Amino acid sequence: MKIERHDTDILILGTGGAGLFAALHAQQSAPDAKITIAVKGLLGKCGCTRMVQGGYNVALGTGDTVERHFMDTIKGGKWLPDQDMAWKLCEQAVVRVRELENEVGCFFDRNADGSLHHKAFAGQTADRTVHKGDLTGIEIINRLMEQVLSRPVERLQEHRAIGLIPTKDGAALSGVLFIDMRTGEFRFVRAKAVLMATGGGPTMYKYHTPSGDKTMDGLAMALRAGLPLRDMEMVQFHPTGLLAGDHTKMTGTVLEEGLRGAGGQLLNGADNRFMFDYDAKGERATRDVVSRGIFAEMRKNNASPNGGVYISMAHLGPENVAKKFKGMVKRCADSGFDLAGGKVEVVPTAHYFMGGVVVDADTRTAMEGLYVAGEDAGGAHGSNRLGGNGVANSTVYGGVAGDVMGKDIAGVDALRDPDEAVLEAEIARALVPFSQAPAHIHPLRKELMDAMWEDVGVMRTATGMQRGLKRVQEIGADLMGLGVDGTTRAFNLTWHDWLNMRSLCDVSTVITEAALARENSRGAHFREDFPEEGDLETSYFTVAKQAGDGLDVTREAVQFTIVKPGETILPDDEPETLVAEE
Amino acid sequence: MIRPHRSHPLWFAFILHRISGVALALFLPVHFWVLSLALTSPERLDGFLHWTDITAVKIAEFALVFLLAVHLCGGLRLMALEWLPWSPRQKTLAAGAVGVSVLISGTFFLQAI
Amino acid sequence: MTSTAKTLDVSVWRSNDTGGAFQAFAVPIQESQTILDVVAWIQQNEDPTLAYRFACRVGMCGSCAMMVNGKPRWTCRTHVQKVISGNKIEIAPLRNLPVIKDLATDMDPFFDKWVKAEGVFHPSKTRDDAIEQIDPTSHERTEADIGIECINCSICYAACDAVSTTEDYLGPAALNRAWTLFNDAKDSGKQTILDAVSANGGCHSCHSMGSCAEACPNELNPMASIAGLKRETAKAFFARRKS
Amino acid sequence: MTDLWLYMAQRISALVMAPLVLGHIAVMIYAIQGGLSAGEILGRTQGSFGWALFYGTFVVAVSIHAAIGLRTIAFEVLGLKGSALTVFAWVVFLVLFVMGAQAVYAVTAT
Ligand SMILES: Cc1cc2nc3c(=O)[nH]c(=O)nc-3n(C[C@H](O)[C@H](O)[C@H](O)COP(=O)(O)OP(=O)(O)OC[C@H]3O[C@@H](n4cnc5c(N)ncnc54)[C@H](O)[C@@H]3O)c2cc1C
Ligand code: HEM
Ligand code: SF4
Ligand code: F3S
Ligand code: FES
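Protein chains in written order, with my numbering: chain A, -11 to 570; chain B, 496 to 608; chain C, 257 to 499; chain D, 75 to 184.
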């Protein structure tokens, strides 16, 4: 098999907030190093950071402190977060936002007096979220993208990473194997340091929000490379994904949180409000509670025609709604729905993946030369990510990774040679579909998405998950028998659909097994057979690792390095919340 | 020729301006040549001006003044939208330019007959 | 495959290194269906080798733009029923950019020009400084806000005939970005920007055809931004003569 | 930089011409009543420094303006580049300027 070989000093996978920030910081910390950024789509035009609507959490608002942000993060994560990571996230977010404003050129909305505007996302005790209208991610990524494009950073666009290739002794990472999607050729890139920032992305669910390029490739690669993955059962669902039928990619995309906050009502198939049957806060309860409420209502056969519920805004006055949620109303209108005056069908949708590779607060992993940041890294959010902590996490840790890699490569004299056997094996793995008879891949993806949604979704039971595990494994086995038309490998999307399925099946198995291992309900993970959150003092997180052909899932005790359950680091006289009730 | 991405008033205004500009540029040497006749052979100039009574020539002249007016108004419109900050009214301006041109050339036409 | 009573008559541009042609497909009509859904349906059900590009599917990433019945559009947010003529849809790759394969274009020239137009923030402060107080209602800020929500989809670039005829013309999106930055109180590169857009292929290559503003899916008006640049370059032209 | 210069020259010449064109059209509308004759034209213009200046300015401006305009079109539509383009623009300018000067001289000289 002919493959191209290529060398660099620092290699970055992905161009979300984590990848782009890493490139900028790596350049600052190692100005003479050759930096290469490789991405599955176009630079800056894929991934989820661009899709951030609500905003960025940073303790810069009146009265707010890093301590308060930290406490909210820990409580929101139900005491499961790695506290050192959560602390750094909150502390460095302050620096990162100033960097975004002053060096990168972002402009976040201002108050009338010219200071930064902060809003309060659900689950927070201060007005903390900075934003640019409801298109915050576009502002952040566009500005970062410009900075990276204008610097001497090598770009490998439409390059899909398919394997982390270690050295022969397995002690360190040699480089990464890619498919150059435009030509269909393989390319192996050696580097002294590699940042994996491919952004997770729970797109194995029937309804999901992330961009189409995100299919858990990074975590699947890490799993194969033998790295430990934590919190893999933690899949966050957003309660209001658009529901427009299975045949359209619009289905699953987010209708923003603010709609419920502003008084939007959820109605079941019979046009009745139902959220108060489940929670005293009604539609304004937290994401996980509302998602479960909707799911329960759907199970009672109270569903709308496409099998979800409705969101209705009309009682707030169509003109008001159209004005306040201009972007959202226009998006719905483009798709043929009247959000301002009518009702729109919605369904909970898989939004964010809290789980990821085990890293330390400097983004280092168990494998020398490999760093992980952003949604691919586990730990910062525990069982639940607060709205606004997602971009904060990817930009903070992307920057940290850039700093640390720049420093670390100073101590690496030479590029490491790969284990050629692993390289061969990874190539062979990617070529499997070309040796089978071509068939449709998509029906199998649908099966996988149904299985995960039905059996490992919003509400889970041991029986359901056992069934789900079996389904996922069968689907994974079926995939190996499905072929792809190999007339041309150049821009062969169907080949990539196949590879996407491979990653999704592998990680779905881990999610399911981790979820079976957690016998309580925390944050995003809800077990109908274990509805209690369990003892906080003895909180544990799950760690999954490949063991031979199977998986090894263990529980590890959470280290309360900064604060213990029931305690706080806020001064005694600090009020519970700084947010005025609406 | 008029592909879908071009079918809007501003593009029409552009193409009209360009065509009128070219037509004027082509006409101008002829115009200069005719006037130069005044010096070399005034009688031939008179003979030429006589033609201007013929309807076809009248229409041609009308077209010319029309072009001049169109180009003038189009040009003023352009400079206005480039240099004066009144962007939302551009389309109105485009239409207005054509309107005024018609008015000027119409007057000319009426006078001529 | 599906034996739906009604189907769309879709013609899709297919190409490789050697050339290209339109190919016809019959695609079942669905109630909520975007152009992107049509393209994906063909790839998933009829011809697995069809190449195209998308990411966000909600009009944020600007990677799914194509020519639809002759007009450049974002396909993920273009409802089939809104653009259909009779029963026909013609889908081609975006104009004015090199085609990689089928419906996927190489967007690098577009971004190279973005950088060449100095569409890159020129900082004057660092992460150690406080965030600048900026009056959101000031004239400069409102002018900057008007053009800021560009998703670099290249739709305006594809619509513009000046781009087709003038090879090094920076194009509407890059210039719109330059204008936004020019109005950004935090940007310290005003003169750099003016120099960049005054060079050959800069804002003076625009003939105010307005197709950019007409086509922009986000209702931005690059033509007005370019006019702003022309105004400022003209001012600078006289100012420099005087001094 | 040339783009900016050409742009400015074209706008300035256009601005110069705008009142002249209006004046010219007004005169034509007035003059055309009852038909045109060489004598009539010459009677008005011959020996008039004012008219010589009026039309002289017009000729200078229009030669510059049209040369730049046609240059743009030659570049965009015909694909003319480099020195060919420069030569083309100068030829247009000179032809218009010389012929225009002759015409002005013809109608204003005594
Ligand atoms: C619709 C939506 C709204 C959101 N709103 C908010 C919000 O308001 N506030 C908030 O804090 N968070 C929000 N989030 C979450 C937030 O977007 C993510 O947490 C964060 O952006 C992740 O950043 P990242 O850099 O890790 O990954 P991403 O930005 O997703 O980037 C991943 C990158 O890796 C690339 N990649 C993937 N696989 C490969 C491969 N195999 N090879 C090479 N490259 C690869 C991708 O193409 C992409 O460029 C939202 C998410 C979504 C989907
Ligand atoms: C009367 C006043 C005039 C004004 C205000 C005027 C204005 C303009 C302007 C602003 C342009 C630039 C168009 C662009 O860049 O897109 C232009 C182009 C042009 N003008 Fe004029 N003009 C005038 C008279 C004339 C005359 C008399 C002629 C003919 C000899 C002429 C010929 C042209 C040509 C050929 C172009 C190029 C068209 C193009 O680039 O599309 N103009 N004019
Ligand atoms: S200005 Fe509009 S059309 Fe042009 S790239 Fe930006 S968003 Fe797209
Ligand atoms: S379409 Fe092109 S010519 Fe100018 S006004 Fe827009 S950039
Ligand atoms: S897919 Fe992102 S804009 Fe269409």
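Cβ atoms here follow ideal geometry from the backbone N, Cα and C, with glycine treated the same way.
Here the structure is a predicted model, which is why all the values come from computation and not from measurement.
Can you list the residues of chain C that Leu76/D reaches, using a CB-CB cut of under 7 Å? Per the sequence shown, the amino acid found at residue 76/D is Thr instead of Leu. Under the 7 Å cutoff, chain C gives Asn456.
For Val82/A and Glu89/A, I'd like the C-alpha separation in whole angstroms. 11 Å
Option in Ser496/A, Ile150/A and Met355/A with minimal Cα separation from Asp157/A: Met355/A
May I have the straight-line CA-CA distance separating Pro365/C from Gly281/A, to the nearest angstrom? 49 Å
Please list the segments of the beta strand (DSSP E) lying wholly inside the region 360 to 441 of chain A, counting only runs of 3 or more residues, in order along the chain. You should have found no qualifying run.
Inside the region 107 to 167 of chain A only - alpha helix (DSSP H) runs reaching at least 4 residues: 124 to 137
Decide yes or no for the touch test of the region 513 to 530 of chain B against the region 565 to 572 of chain B: beta carbon pairs closer than 8 Å, at least 3 of them. yes
Uninterrupted beta strand (DSSP E) stretches inside the region -6 to 66 of chain A (no shorter than 3 residues): -2 to 1 and 23 to 26
What three-state label does DSSP hand Asn90/A in the structure shown? Of the three classes helix, strand and coil, the one that applies to Asn90/A here is helix, per DSSP.
Between which residues of its own chain and Ala490/C is the CB-CB distance below 6 Å, once the five residues before and five after are set aside? none
C-beta atoms of Ala409/A and Thr351/A nearer than 9 Å: no
Helix, strand or coil, according to DSSP, for Phe529/A in the structure here? strand
Have a look at Gly570/B, Val597/B, Gly594/B and Leu532/B and flag the residue whose alpha-carbon is nearest the alpha-carbon of Met465/C. Gly570/B
Is the number of C-beta pairs between the region 501 to 520 of chain A and the region 471 to 483 of chain A that are closer than 8 Å three or more? no
Between the region 328 to 336 of chain C and the region 292 to 305 of chain C, are three or more C-beta pairs nearer than 8 Å? By the C-beta criterion, the region 328 to 336 of chain C is judged to be in contact with the region 292 to 305 of chain C, since at least 3 inter-stretch pairs fall below 8 Å.
Can you confirm whether Ala508/B, when its beta carbon is compared against all beta carbons of chain C, has any partner nearer than 9 Å? With its beta carbon less than 9 Å from one in chain C, Ala508/B belongs to the interface.
Closest Cβ-Cβ distance between Arg513/B and chain D: below 9 Å? yes
Using C-beta distances below 8 Å, list every residue in its chain close to Glu525/A, excluding the 5 sequence neighbours before and after it, in chain order. Lys552 and Pro553
Any beta-carbon of chain A closer than 9 Å to the one on Glu287/C? yes
Could you run through the region 125 to 154 of chain D and flag, in chain order, every residue whose CB is less than 9 Å away from some CB of chain C? Thr146, Phe149, Glu150, Val151 and Gly153
Taking 8 Å as the line, does the beta carbon of Val419/C fall inside it for any heavy atom of ligand 4? Correct: Val419/C has its Cβ closer than 8 Å to ligand 4.
Does the count of Cβ pairs from the region 399 to 413 of chain A and the region 16 to 34 of chain A closer than 8 Å reach three? no
Determine the contact status of Thr436/C and Ile387/C, defining contact as a CB-CB distance below 9 Å. no
What residues are listed by DSSP as bridge partners for His335/C? Looking at the DSSP output, His335/C sits in a beta bridge with Thr290/C.
Is the Cβ-Cβ distance between Met301/A and Ile(-2)/A less than 9 Å? no
Which residue marks the beginning of the beta strand (DSSP E) containing Tyr340/A, and which one marks its end? Lys331 to Phe341
Residue ranges of each alpha helix (DSSP H) run of no fewer than 4 residues wholly in the region 463 to 532 of chain A, ordered along the chain? 481 to 505
Could you tell me whether the Cβ of Gly516/B comes closer than 9 Å to any Cβ of chain D? Residue-level contact by beta carbon holds for Gly516/B and chain D, with a gap shorter than 9 Å.
Would you mind giving the Cβ-Cβ distance between Gly357/A and Leu161/A, rounded to the nearest angstrom? I have them listed as a contact below 8 Å. Right, their Cβ atoms sit about 4 Å apart.
Cutoff 6 Å; reference Gly315/A; Cβ partners in own chain excluding five residues on either side: Cβ neighbours of Gly315/A beyond the five flanking positions: Asp122.
Pick out whichever of Leu159/D, Gly143/D and Val172/D has its Cα sitting closest to the Cα of Ile514/B. Gly143/D
Please list the partners that Thr448/C has in chain D, where partner means a Cβ-to-Cβ separation under 8 Å. By Cβ distance, chain D contributes nothing, its closest Cβ being about 15 Å from Thr448/C, past 8 Å.
List, in chain order, every chain A residue whose beta-carbon is nearer than 9 Å to that of Lys442/C. Glu89, Asn90, Gly93 and Phe95
Just checking my contact of Ala349/A with Met73/A at CB under 8 Å: how many whole Å lie between their CB atoms? Confirmed, Cβ separation roughly 5 Å.
How would you call Gly536/A, buried or exposed, if buried means at least 16 neighbouring beta carbons within 10 angstroms? Exposed, by the Cβ-count rule.
Look at the alpha carbon of Met257/C and the alpha carbon of Ala450/A, and state the distance between them as a whole number of angstroms. Here Met257/C scores only 41 on pLDDT, less than 50, and its place in the model should not be relied on; the value that follows carries that caveat. If you take the alpha carbons of Met257/C and Ala450/A, they lie about 38 Å apart.
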